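For the sequence shown, this note's numbering begins at 21 and goes up steadily by one.
C-beta: ideal position from N, C-alpha, C; glycine also.
None of the values given here were measured: they were computed from a predicted structure.
The block underneath contains the structure these notes are about, expressed in structure tokens.
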Amino acid sequence: NTNNRTRRNNIVKKYCSVIGTLMLAASLGVTASEMGTPDEAKAMSEKAASLVNDQGDAAFVVFAAKDGGFLEKDLYVFCMDLEGSMLSHAVKPALVGKNLKEFNKYGDFLFQDMIKVASDSGEGWVDYNWPYPGSEEVKKKTSYIIKNDKGFFCGVGAYK
21 NTNNRTRRNN
31 IVKKYCSVIG
41 TLMLAASLGV
51 TASEMGTPDE
61 AKAMSEKAAS
71 LVNDQGDAAF
81 VVFAAKDGGF
91 LEKDLYVFCM
101 DLEGSMLSHA
111 VKPALVGKNL
121 KEFNKYGDFL
131 FQDMIKVASD
141 SGEGWVDYNW
151 PYPGSEEVKK
161 KTSYIIKNDK
171 GFFCGVGAYK
């Protein structure tokens with residue numbers, strides 16, 4: 021009788037755990053297969069740099085357009101000048117015009133690191149911590165940064 025009760029409790033716990041996980045995934049609206057990869061982020065960043073080189077800051081409208089080809093999975097383009105001011109952010113336009121050089125909410129000065137990469141080599145990866153979409157959980161993320169011909173950089177990030 022005690023063994024049956026224990027077995028039943030374990031089954032209920034497992035069932036509740038599975039249901040909870042499914043509900044969390046559904047509430048996030050994003051599944052693992054819908055998350056962009058670092059390779060996809062780099063490819064989008066290269067495409068963004070090319071568009072900025074061709075169109076200048078008119079590219080910002082394309083980056084934010086649902087049908088512009090720059091909002092795929094959880095990937096999006098952001099652009100910043102070398103002083104740390106956000107020039108374009110496809111997902112959080114409220115950040116545009118803010119200087120984020122001193123931003124360090126998750127344990128690193130990611131924008132200073134991005135400015136350094138853009139200034140030194142012109143392009144490359146920057147690793148940092150960032151909240152996972154739809155949650156408060158902070159995870160490892162990496163962005164591929166490319167300085168364009170206009171003198172600022174754009175990047176696209178993916179969770180690792």
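Review point. Leaving out five residues before and five after L48 in sequence, what residues of the same chain have Cβ atoms less than 7 Å from its Cβ?
Key: Below a pLDDT of 50, predicted positions are generally treated as unreliable, and L48, at 45, falls in that range; the measurement from the model is reported next regardless. Closer than 7 Å at Cβ, skipping near neighbours: P153, G154, S155.
Practice item. Could you tell me whether the Cβ atoms of F90 and V97 are closer together than 7 Å? Key: yes
**Study point:** Residue of K67, A69, K118, M64 minimising C-alpha distance to E103
**Key:** K118
Point to revise | Local conformation of P153 per DSSP, three classes | key: coil
Review point. Leaving out five residues before and five after I165 in sequence, what residues of the same chain have Cβ atoms less than 8 Å from its Cβ?
Key: S65, M134, V137, A138, E143, G144, W145, V146, F173, C174, G175
Review point. Hey, would you say A114 sits closer than 7 Å to F83, going by beta carbons?
Key: no
Check your understanding: Hey, which unbroken runs of the alpha helix (DSSP H) at 4 residues or more fall wholly within the stretch 49-82?
Key -> 58-75
Practice item. Could you tell me which residues DSSP puts in a beta bridge with N119? Key: S105
Check your understanding: Where does D94 land, buried or exposed, given buried means 16+ other C-beta within 10 angstroms?
Key -> buried
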